[in-house]
Amino acid sequence: MKLLISNIKTLVQVDTEARKWVAGTDMAKLNCIDDAYLLIEGERITDFGKMEDIPDFDEKEGFDCVEEYDATGRMVFPSFCDSHTHLVYAGSREIEYSDKIKGLSYEEIAKRGGGILNSAKLMHEATEEELYESALERIQEIIGLGTGAVEIKSGYGLTLADELKMLRVIKRLKKTTPLTIKASFLGAHAVPAEYKGRQAEYVDMVINEMIPMVAAEDLADYIDVFCDKGFFTVEETDRILNAGMKHGMRAKIHANELDYSGGIQVGVKYNALSVDHLEFVGDAEIEALKGSETMPTVLPGAAFFLNMVCSPVRKMMNAGLPVALASDFNPGSSPSGNMKFIMSLACINYKMLPQEAINATTLNSAYAMGVEDELGSIAKGKIANVYITKEIPSIEYMPYAYGSNLIDVVILRGKVL
Numbered sequence: 000m001k002l003l004i005s006n007i008k009t010l011v012q013v014d015t016e017a018r019k020w021v022a023g024t025d026m027a028k029l030n031c032i033d034d035a036y037l038l039i040e041g042e043r044i045t046d047f048g049k050m051e052d053i054p055d056f057d058e059k060e061g062f063d064c065v066e067e068y069d070a071t072g073r074m075v076f077p078s079f080c081d082s083h084t085h086l087v088y089a090g091s092r093e094i095e096y097s098d099k100i101k102g103l104s105y106e107e108i109a110k111r112g113g114g115i116l117n118s119a120k121l122m123h124e125a126t127e128e129e130l131y132e133s134a135l136e137r138i139q140e141i142i143g144l145g146t147g148a149v150e151i152k153s154g155y156g157l158t159l160a161d162e163l164k165m166l167r168v169i170k171r172l173k174k175t176t177p178l179t180i181k182a183s184f185l186g187a188h189a190v191p192a193e194y195k196g197r198q199a200e201y202v203d204m205v206i207n208e209m210i211p212m213v214a215a216e217d218l219a220d221y222i223d224v225f226c227d228k229g230f231f232t233v234e235e236t237d238r239i240l241n242a243g244m245k246h247g248m249r250a251k252i253h254a255n256e257l258d259y260s261g262g263i264q265v266g267v268k269y270n271a272l273s274v275d276h277l278e279f280v281g282d283a284e285i286e287a288l289k290g291s292e293t294m295p296t297v298l299p300g301a302a303f304f305l306n307m308v309c310s311p312v313r314k315m316m317n318a319g320l321p322v323a324l325a326s327d328f329n330p331g332s333s334p335s336g337n338m339k340f341i342m343s344l345a346c347i348n349y350k351m352l353p354q355e356a357i358n359a360t361t362l363n364s365a366y367a368m369g370v371e372d373e374l375g376s377i378a379k380g381k382i383a384n385v386y387i388t389k390e391i392p393s394i395e396y397m398p399y400a401y402g403s404n405l406i407d408v409v410i411l412r413g414k415v416l
């Protein structure tokens, strides 16, 4: 079946040549075609251009089964790629939300057994089927909000059995949903309560027991560590990443959310696909990222929800770096997977231009989860993950109307959902 979207007001994020990311001042540039068409055959984009140049499909051989969708007055965007989430979890943490309002810090809540350890307790009590069903609801929600690809982390298990349980749920979601999904093993998300004072022993268990079993079942694409103040040290992170990479898992890092942790530097050392959070980034961190293959990834939802300092995004872009944005969808610090709202936060709190925010949530975030060859832009041969907006006046209106649902039609893998 072939799908022709015609009379598109603006076709956004168009690529005629392969790009892995957009960096520096180029992030303010967005390739678009006004008064455009887009042709999808099967799962792939096969053609696009201006309406005045549209081929006569009625006369082309094999084009007798073209379904046409008239997008007059509306725009077509590539679907969001959300490169950092924890959306497989059991139960919410709104009580901690009240604690935050009362003034308790992230670290104080964690020390009381809240935070990640609270989610680990709930995870242990949940069945695999319960986890799958609740995660499926969140998947369906983010699909409706324009997301076409998502990375999902483990890390609420903190035991071998529960980490494997989480990763098996993610694997099932890969097989049963139209989303492109990548899995990250995050056994080093926190130190379990029973290992308090014995952190080195827990690190040894992650390396010697968890990683080999995760690899044996082929459950993770990436290995992740929470390298930050009060969590895992640079030395421990180094050991865990080294072990994960020996088992075929590329590094991704939680870094510099709470302080200057050294997490960015150890991520670059191991050619991490991305380093994420990045509230604390100085000249040394920027220098480490220059010339690397590591994508700096900022999580505006977490900083907003926790009322934290904002990452110096402008400084990074001025230094010529690319920047990606992701939702950090999780029950404790960012309970939303709405990437359109993430764009709005980027513009409001980080002073990113709408064009920069779009680049950061599409092509750059596709790179941050290793799918830039397939997703993140409108390009011939890429997977047809796009959405059609409602009638809107401009590209800038997408992040400007921060509370409005402007997505009218979602197309994933060439199918209208």
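Using numbering that gives the first Met the number 0, read the sequence shown as starting at 0 and increasing by one per residue.
Where a beta carbon is used, it is the ideal one built from N, C-alpha and C, also for glycine.
inquiry  = With DSSP as the reference, identify every bridge partner of S133, one or two as the case may be.
reply    = Working through the sequence shown from its first residue, we reach residue 133 at position 134. According to DSSP, which records beta bridges pairwise, S133 is partnered with nothing at all.
- Message: I'd like the list of long-range same chain contacts for N384, defined as Cβ closer than 8 Å, with 5 residues on each side in sequence excluded.
- Response: Locating residue 384 in the sequence shown gives position 385, where the first residue counts as 1. Excluding five sequence positions before and after N384, the CB atoms of its chain that fall closer than 8 Å to its own CB belong to P77, S78, G147, A148, T179, L374, I410, L411 and R412, given in chain order.
Check your understanding: Rounded C-beta distance between A250 and L272? I'm assuming under 8 Å.
Key -> Walking along the sequence shown from the start, residue 250 turns up at place 251. Walking along the sequence shown from the start, residue 272 turns up at place 273. Between L272 and A250 the Cβ distance is about 7 Å, and since that is below 8 Å, they are a contact.
Between the Cα of Y221 and the Cα atoms of T45, K414, I210 and D327, which residue gives the shortest distance?
Translated into the one-based positions of the sequence shown, residue 221 becomes position 222. Here the closest residue by C-alpha is I210.
- Message: Using CA atoms only, rank isn't needed, just tell me which of W20, T15 and M50 is closest to A367.
- Response: Position 368 of the sequence shown, counted from the first residue, corresponds to residue 367. Measuring from the Cα of A367, the nearest candidate turns out to be W20.
Pop quiz: G380 and I44 are said to be a contact at Cβ under 8 Å. What is the actual Cβ separation, rounded to whole angstroms? Translated into positions along the sequence shown, residue 380 becomes position 381. Translated into positions along the sequence shown, residue 44 becomes position 45. Right, the Cβ-Cβ distance comes to about 7 Å (below 8 Å), so this counts as a contact.
With three or more beta-carbon pairs closer than 8 Å as the criterion, would you say the region 111-123 touches the region 323-334? The region 111-123, when compared against the region 323-334, does touch it at the 8 Å Cβ threshold.
message: Can you list, in chain order, the residues of its chain with a C-beta nearer than 8 Å to that of V75? Leave out the 5 residues immediately preceding and following it.
response: Indexing the sequence shown from 1 puts residue 75 at position 76. For V75, where only same-chain residues beyond five positions count, the Cβ hits under 8 Å are I4, I7, T9, L10, V11, A35, L37, I377, V385, Y386, I387 and T388.
If I341 sits next to T360, beta carbons under 8 Å apart, how far is it from one beta carbon to the other, in whole angstroms?
Taking the first residue of the sequence shown as position 1, residue 341 is located at position 342. Taking the first residue of the sequence shown as position 1, residue 360 is located at position 361. Yes, they are in contact, since the Cβ atoms of I341 and T360 sit about 6 Å apart, within 8 Å.
With DSSP as the reference, label I347 as helix, strand or coil. Along the sequence shown, one-based indexing puts residue 347 at 348. DSSP places I347 in helix when its eight states are reduced to three.
**OP:** Identify whether A383 lies in helix, strand or coil by the three-state DSSP scheme.
**Re:** Residue mapping note: residue 383 aligns to position 384 of the sequence shown, counting from 1. The answer is coil: DSSP assigns A383 none of H, G, I, E or B.
Reference Y155; option with closest CA among F47, A125 and K174: Stepping through the sequence shown from its first residue, residue 155 is reached at position 156. Looking at the Cα atoms, A125 is the closest of the given residues.
Where does T296 fall in DSSP's three states?
Stepping through the sequence shown from its first residue, residue 296 is reached at position 297. If DSSP states are grouped into helix, strand and coil, T296 belongs with the strands.
Next on the checklist: Just to confirm my understanding: we take L172, look at its own chain, exclude 5 residues before and 5 after, and list those with CB closer than 8 Å. What are they?
Outcome noted: Here residue 172 refers to the residue found at position 173 when the sequence shown is read from its first residue. V87, Y131, A134, L135, I138, I151, L178 and I180.
* Anyone know if the C-beta pair for L480 and A356 falls short of 8 Å? -> Because the chain is modelled from 0 through 416, residue 480 falls outside the range shown and cannot be assessed.
Does the separation of the CB atoms of I382 and E42 fall below 8 Å?
-> Here the question's residue 382 lines up with position 383 in the sequence shown. Here the question's residue 42 lines up with position 43 in the sequence shown. A contact, by the Cβ cut-off of 8 Å.
For this session: Excluding the 5 residues preceding and the 5 following N363 in the sequence, name in chain order all residues of the same chain whose CB lies nearer than 7 Å to its CB.
Result: Taking the sequence shown and counting its residues from 1, one reaches residue 363 at position 364. Answer for N363: W20, V21, M294, P321, V322 and A323, listed in chain order.
### Task
Give the DSSP-derived three-state secondary structure of P353 in the structure shown.
The residue labelled residue 353 in the question sits at position 354 within the sequence shown. Residue state, collapsed to three classes: helix.
With C-beta atoms as the reference, is M248 less than 8 Å away from F184? The residue you call residue 248 lines up with position 249 of the sequence shown. The residue you call residue 184 lines up with position 185 of the sequence shown. Yes.
task = Go ahead and label P398 buried or exposed: buried means 16 or more other beta carbons lie within 10 angstroms of its beta carbon, across all protein chains shown.
result = Within the sequence shown, residue 398 is the residue found at index 399, counting from 1. Flag for P398 reads buried.
| K19 in three-state terms, based on DSSP | Mapped onto the sequence shown, residue 19 falls at position 20. Three-state DSSP puts K19 in coil, outside helix and strand.
From what residue to what residue does the alpha helix (DSSP H) around S97 run? What you label residue 97 is simply residue 98 of the sequence shown in a count that begins at 1. First-last of the alpha helix (DSSP H) with S97: E93 to I100.
In whole angstroms, what is the alpha-carbon distance linking V224 and A187?
-> Position 225 of the sequence shown, counting from 1, holds the residue named residue 224. Position 188 of the sequence shown, counting from 1, holds the residue named residue 187. The straight-line gap from Cα to Cα measures roughly 5 Å.
Own chain partners of G90 with C-beta closer than 6 Å, once the 5 adjacent residues on each side are dropped: Taking the first residue of the sequence shown as 1, we reach residue 90 at position 91. Taken in chain order, the residues that qualify are L121.
Q. Where K170 and N317 are concerned, what is the direct C-alpha to C-alpha distance, given to the nearest angstrom?
A. Sequence index remark: in the sequence shown, residue 170 carries index 171 (1-based). Sequence index remark: in the sequence shown, residue 317 carries index 318 (1-based). Taking the straight line from one Cα to the other gives about 39 Å.
### Query
Could you give the C-beta distance for V202 and I239, rounded to a whole number, given that I count them as a contact under 8 Å?
In the sequence shown, residue 202 corresponds to position 203, counting from 1. In the sequence shown, residue 239 corresponds to position 240, counting from 1. The beta-carbon distance between V202 and I239, rounded to whole angstroms, is 7 Å. This is short enough to meet the 8 Å contact definition.
Where the beta strand (DSSP E) through T146 begins and ends: Within the sequence shown, the letter at position 147 stands for residue 146. Unbroken beta strand (DSSP E) run through T146: T146 to K152.
- request: Quick one: grab the DSSP three-state call for T360.
  value: By 1-based counting over the sequence shown, the position of residue 360 is 361. Here T360 sits in helix by DSSP.
request  = Count the other C-beta atoms from every protein chain shown that fall within 10 angstroms of the C-beta of V280, then say buried if there are 16 or more, exposed otherwise.
outcome  = Position 281 of the sequence shown, counted from the start, is the residue given in the question as residue 280. Around the beta carbon of V280, 16 or more other beta carbons sit within 10 angstroms, so the residue counts as buried.
Fill in: Closest by C-alpha distance to M244, when choosing among Y269, M212 and L277
What you label residue 244 is simply residue 245 of the sequence shown in a count that begins at 1. Y269 is the residue among Y269, M212 and L277 whose C-alpha sits nearest the C-alpha of M244.
How about A182 and L166: are their beta carbons less than 8 Å apart?
Here residue 182 is taken as the residue at index 183 of the sequence shown, counted from 1. Here residue 166 is taken as the residue at index 167 of the sequence shown, counted from 1. Yes, these two residues count as a Cβ contact at 8 Å.
*Taking L172 as part of the beta strand (DSSP E), name the residues at either end of that continuous run.*
To locate residue 172, count along the sequence shown from 1; it is residue 173. Where L172 is concerned, there is no enclosing beta strand (DSSP E), although the alpha helix (DSSP H) around it starts and stops at L159 to T175.
| task | Drop a sphere of 10 angstroms on the beta-carbon of A215, count the other beta-carbons inside from all chains shown, and report buried for 16 or more, exposed for fewer. | result | Mapped onto the sequence shown, residue 215 falls at position 216. Exposed is the call here.
**Request:** Please go through the same chain and pick out, in chain order, the residues whose beta-carbon is closer than 8 Å to the beta-carbon of V233, but skip the five residues on each side of it.
**Result:** Stepping through the sequence shown from its first residue, residue 233 is reached at position 234. Answer for V233: C226, S260, G261, G262, Q264 and V265, listed in chain order.
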